[in-house]
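Undergrad: First residue of the sequence shown? That's 1 in the UniProt record's numbering, and the numbers climb one at a time after it. Each residue gets a CB set at the ideal place from its N, CA and C atoms; glycine is no exception.
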Amino acid sequence: MTTTAATQLQTEVATTVNHESRPLQQTQAQVEITQPTKAELNELFDSMPPLSYPKHFKVECLSNPETINKRIAELVCQGDTFYGFDMEWQPQFRRGGKENKTALIQICGKDTILLLQVLRLQCLPHQLVRFLKTKTLMKSGVNIRGDGRKLARDFRVECNAFVDLDRISAFLYPQKTPRSLRALTGYFLERNMSKQKKIQCSNWSKLNLTPAQLKYAANDAYASYAIMSIFHKQLLAAGKSITDFVHHHIHTAPSSQQKTQENIVIEQQEQKVVTQQPTTSSSPTGFPTSTTTIIRKTTTSKVSFSHSRLHNNNSSSSIQNASPRRRQIGVHQSKAPNKPKK
1 MTTTAATQLQ TEVATTVNHE SRPLQQTQAQ VEITQPTKAE LNELFDSMPP
51 LSYPKHFKVE CLSNPETINK RIAELVCQGD TFYGFDMEWQ PQFRRGGKEN
101 KTALIQICGK DTILLLQVLR LQCLPHQLVR FLKTKTLMKS GVNIRGDGRK
151 LARDFRVECN AFVDLDRISA FLYPQKTPRS LRALTGYFLE RNMSKQKKIQ
201 CSNWSKLNLT PAQLKYAAND AYASYAIMSI FHKQLLAAGK SITDFVHHHI
251 HTAPSSQQKT QENIVIEQQE QKVVTQQPTT SSSPTGFPTS TTTIIRKTTT
301 SKVSFSHSRL HNNNSSSSIQ NASPRRRQIG VHQSKAPNKP KK
């Protein structure tokens, strides 16, 4: 073969390879999901049906300490291990002004939402204090650790088992899903959580809240509960309980080893196994009875959660089974805006 013929053949082969590889490159470009902008996410969320707690849920707005004690005890007796939690208070519009005291605490269970007006109380009702302190009752929300620190400042109470939904989502979906409560609501519940500034920054200190305020507050707590319920079902499908998962992976993250000066035990400083020796009697209010706690350190390998098992599972917890609307958000392959709750 002459040099000219060889050169011509190489040119033809190169042209053929480039031509054949072009459809593959185009296909890859078509399936690649780009990072959505904030405006695109807002447009998508706005197109979803509005978030509203189920009609069978009972919503109560309470300010009497005795009634609060009774309703909290009844709520705990239902046997839930996790609750939706949120707080509201009057915004401070003056620069350098003192932060206003907590006005409203919202707690959501499986069919009940309690709106507790605590601003005018010198101290929190004892059943509410027990609820906040009990480590086996998980209180879930976005940026909820900040709520716990504020409660400690406002009422000098100990707050345990405050679980951030954004941290669970980041662990289950390392592709960096949206982190704000509105974004999590849009992704997991496919509902639009309207954060109207007029209501969000309204006067929460007044005794008679408007219907719009009551609905806003109830929906916030319900959204946290509903999202936590989805995480719970996904973990069950992977053979794990939400309690063990939170204890082993959320409460023991290296970035959360600092405790606040208010002595809030929100997260443990290192991985530990807690062995309890409970008494045989149970509390009439439904709260766990006094126990003797023995803390035994163990190695990480003995308590580690099989993360790969969750993502390789073919159950409904698999992220590949997301609906077209969820895939449209593009949170699986790209980073979404890290937006604070408030």
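Going straight from the alpha carbon of residue 189 to that of residue 222, what length do you get?
TA: Distance between the alpha carbons of residue 189 and residue 222 is about 11 Å.
Undergrad: On the criterion of 16 or more Cβ atoms from any shown chain inside 10 Å, does residue 148 qualify as buried, or is it exposed?
TA: Label assigned to residue 148: buried.
Undergrad: Among 123, 110, 125 and 85, which residue has its Cα nearest to the Cα of residue 58?
TA: With distances taken between Cα atoms, residue 58 lies closest to 110.
Undergrad: Pull up the CB-CB distance for residue 84 and residue 224, whole angstroms please, since I reckon it's below 8 Å.
TA: That belief holds up - the Cβ atoms of residue 84 and residue 224 are roughly 4 Å apart, short of 8 Å.
Undergrad: Please say whether residue 117 and residue 202 have beta carbons closer to each other than 8 Å?
TA: No. Outside cutoff.
Undergrad: My guess is that residue 343 and residue 119 are in contact by the Cβ rule of under 8 Å, so how many angstroms apart are they, rounded?
TA: Coverage of the chain is limited to positions 1 through 342, which leaves residue 343 absent and any answer about it impossible.
Undergrad: By the 10 Å Cβ neighbour count, where 16 or more other Cβ atoms means buried, how is residue 167 classified, buried or exposed?
TA: Under this definition residue 167 is a buried residue.
Undergrad: Looking at the unbroken alpha helix (DSSP H) that takes in residue 142, where does it start and where does it end?
TA: Neither: residue 142 is in no alpha helix (DSSP H) and is coded neither H nor E.
Undergrad: Express the C-alpha separation of residue 39 and residue 74 in angstroms, rounding to a whole number.
TA: Roughly 43 Å separates the two Cα atoms.
Undergrad: May I ask you to list the residues that DSSP assigns as paired with residue 245?
TA: Partner(s): none; residue 245 has no beta bridge.
Undergrad: In three-state DSSP terms, what is residue 50?
TA: Note: residue 50 maps to strand in three-state DSSP.
Undergrad: For residue 132 and residue 156, I'd like the C-alpha separation in whole angstroms.
TA: Whole-angstrom Cα-Cα distance: 12 Å.
Undergrad: Tell me whether residue 159 is buried or exposed, calling it buried when 16 or more other Cβ atoms sit within 10 Å of its Cβ.
TA: Residue 159 should be labelled buried.
Undergrad: Measuring alpha carbon to alpha carbon, tell me which of 200, 248 and 165 ends up nearest residue 89.
TA: Selected option, being the one with the closest Cα: 200.
Undergrad: Since residue 227 contacts residue 172 with CB under 8 Å, what's their CB separation in whole angstroms?
TA: Actually they are not in contact, since the Cβ atoms of residue 227 and residue 172 sit about 11 Å apart, beyond 8 Å.
Undergrad: Give me, in chain order, the residues of the same chain whose beta-carbon lies closer than 8 Å to that of residue 60; leave out the 5 immediate sequence neighbours on both sides.
TA: Taken in chain order, the residues that qualify are 71, 112, 113, 114 and 115.
Undergrad: Along the beta strand (DSSP E) that carries residue 87, what are the first and last residues, could you check?
TA: 82 to 89 is the span of the beta strand (DSSP E), which, as asked, contains residue 87.
Undergrad: Distance check for residue 247 and residue 208, CA to CA, integer angstroms please.
TA: Cα-Cα distance, rounded: 39 Å.
Undergrad: Along the chain, where does the alpha helix (DSSP H) that runs through residue 188 open and close?
TA: Note, residue 188: premise wrong, no alpha helix (DSSP H); not H, not E.
Undergrad: If distances are taken between C-alpha atoms only, which option among 122, 204 and 37 comes closest to residue 92?
TA: When each option's Cα is compared against that of residue 92, the closest is 204.
Undergrad: So, at 6 Å on beta carbons, what are the nonlocal neighbours of residue 231 in its own chain, with the 5 sequence-adjacent residues on each side left out?
TA: The answer, listed in chain order, is 168.
Undergrad: Would you mind sorting residue 140 into buried or exposed? The rule is 16 or more other CB atoms within 10 Å of its CB.
TA: The residue in question, residue 140, is buried, as its Cβ has 16 or more Cβ neighbours within 10 Å.
Undergrad: Pick out the complete alpha helix (DSSP H) segments inside the stretch 165 to 234, 4 residues or longer, and give them in chain order.
TA: List check, alpha helix (DSSP H) in window: 165 to 172, 181 to 184 and 197 to 200.
Undergrad: Can you tell me whether DSSP reads residue 124 as helix, strand or coil?
TA: It is coil, neither helix nor strand.
Undergrad: My guess is that residue 46 and residue 192 are in contact by the Cβ rule of under 8 Å, so how many angstroms apart are they, rounded?
TA: About 6 Å; that satisfies the 8 Å criterion.
Undergrad: Just to confirm my understanding: we take residue 127, look at its own chain, exclude 5 residues before and 5 after, and list those with CB closer than 6 Å. What are they?
TA: Result list for residue 127: 69, 72 and 73, in chain order.
Undergrad: The alpha helix (DSSP H) spanning residue 75 covers which residue range?
TA: Taken as a continuous stretch (DSSP letters only), the alpha helix (DSSP H) holding residue 75 covers 65 to 77.
Undergrad: Given a cut-off of 8 Å, decide if residue 142 and residue 194 are closer than it, judged by their beta-carbon atoms.
TA: Not closer than 8 Å, so no.
Undergrad: Could you say which of 50, 234 and 212 lies nearest to residue 198 if we only look at CA atoms?
TA: The residue with the shortest Cα to Cα distance from residue 198 is 212.
Undergrad: Residues bridged to residue 134 by DSSP?
TA: Beta-bridge pairing links residue 134 to no other residue.
Undergrad: Would DSSP call residue 282 helix, strand or coil?
TA: Low per-residue confidence applies at residue 282: pLDDT is 47, beneath 50, and the placement is therefore not dependable, though the value from the model is reported in the following sentence. In this structure, residue 282 counts as coil in the three-state DSSP scheme.
Undergrad: Measuring alpha carbon to alpha carbon, tell me which of 152, 165, 216 and 124 ends up nearest residue 66.
TA: Minimum Cα distance to residue 66 is reached at 124.
Undergrad: Measuring CB to CB, does residue 210 end up less than 8 Å from residue 138?
TA: Cβ atoms of residue 210 and residue 138: not closer than 8 Å.
Undergrad: Let me know the secondary structure DSSP gives residue 238 once reduced to three states.
TA: Three-state result, residue 238: coil.
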